[in-house]
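**Q** In this note's numbering, the protein residues as written are 179 to 255.
By construction, the Cβ of each residue, glycine as well, lies at the ideal position given by its N, Cα and C atoms.
The structure is given below, and queries will be raised subsequently.
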């Protein structure tokens, strides 16, 4: 599973309306940035209390990217 698919899968399982989830990939020479977009009322579900869920997702993505020898950033827009 690629990084975009991983983030999309996790986010769709967290929100009530999975059709609103989209992940945009921006690649540069040194890193990859993933932009996660969800519906207006769903932002709290993805971020979680004190950002715990968002940090957990970021950790999973970084570990998956490290296995491929890449650096990745996750931005929740």
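1) In three-state terms, what does DSSP make of residue 216?
2) Output yes or no for whether 7 Å exceeds the beta carbon distance between residue 201 and residue 186.
3) For residue 197 and residue 235, what's the separation of their Cα atoms in angstroms?
4) Tell me which residue opens and which closes the beta strand (DSSP E) that residue 201 is part of.
5) Can you name the start and end residues of the alpha helix (DSSP H) that residue 186 belongs to?
6) Starting from the Cα of residue 193, find the closest Cα among 208, 232, 217 and 240 and give me that residue.
**A** Short version:
1) Locating residue 216 in the chain shown gives position 38, counting from the first residue. The answer is coil: DSSP assigns residue 216 none of H, G, I, E or B.
2) Translated into positions along the chain shown, residue 201 becomes position 23. Translated into positions along the chain shown, residue 186 becomes position 8. Taking 7 Å as the Cβ cut-off, residue 201 and residue 186 qualify as a contacting pair.
3) Numbered from its first residue, the chain shown carries residue 197 at position 19. Numbered from its first residue, the chain shown carries residue 235 at position 57. Their Cα atoms are separated by approximately 19 Å.
4) Residue 201 sits at position 23 when you count from the first residue of the chain shown. 200-205 is the extent of the beta strand (DSSP E) around residue 201.
5) Taking the first residue of the chain shown as 1, we reach residue 186 at position 8. First-last of the alpha helix (DSSP H) with residue 186: 181-192.
6) Within the chain shown, residue 193 is the residue found at index 15, counting from 1. Per the Cα distances, 217.
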